[in-house]
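So for the sequence shown, the numbering used here puts the first residue at 1; every next one is plus one.
Structure, as structure tokens:
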Amino acid sequence: MHPSWITLYDVTRDGNGIVPWILALLWVAAIAGGVTAVKKSPAGRLFVSLWLVFWVIAGGVGFGNVFYQYESNFRALRRGTCETTEGFVENFHRQNPMKKGDTEHFALAGREFRYSSANLGGGGLRSSAGFAVPLRDGLYIKVWHRHGIICRLDAQT
């Protein structure tokens, strides 16, 4: 009998999550509020205009990177240009969100994978908390990755 596989994460299926979209909408709303404030308040026009310029540039670079990385990982997985690594999970550590700077990480075939729920900029896997088959030491998995970012993760069941 051949072993069966389950896809636990796939960037083309699971997307980038809702958090970047909510933050981007808040960014657009803040810019719209700033534009309205510039039109209504001549006294604060210079300050608000400078504030707007800063946040348009900073947000454009920040959110542009988040969505660019996601799209790059999406395309790499679809085109089959991701590297693949498979083997047994070793040294698995689940992220503790209460501990600042903590990351989830594991070793696979001598290669370490590290990711965090706070890392929106990677455009790939950020947490394994909701997986149907929990990651653990000894689980046999296959990972499609690009520059260390996990684009797809399958587990043998």
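Where is the CB? At the ideal position from N, CA and C, for every residue including glycine.
| Should F74 and A24 be called a contact, given that it needs their Cβ atoms to be closer than 8 Å? | no
| Just curious, the alpha helix (DSSP H) that N73 is in, first and last residue? | 45–79
| field | Nearest-angstrom Cα separation, counted from K99 out to L8 | value | 25 Å
| query | Grouping DSSP H, G and I as helix and E and B as strand, with all else coil, what is L108? | reply | strand
| request: Tell me whether the beta-carbon of A76 lies closer than 8 Å to the beta-carbon of N91. | output: no
| message | Quick check on DSSP: helix, strand or coil for K99? | response | coil
| Per DSSP, cross-strand counterpart(s) of W144 | T84, R152
| message | Less than 8 Å between the beta carbons of V158 and G121, yes or no? | response | This structure cannot settle anything about residue 158, because the visible part of the chain is limited to 1 through 157.
| Straight-line gap, W5 to N65 (C-alpha atoms, nearest Å) | 32 Å
| Buried or exposed (CB count within 10 angstroms, at least 16 for buried), N163 | Outside the displayed range of the chain (1 to 157) lies residue 163, so it cannot be described from this structure.
| query | Three or more C-beta pairs closer than 8 Å, one from the segment 30–48 and one from the segment 126–144: is that the case here? | reply | no
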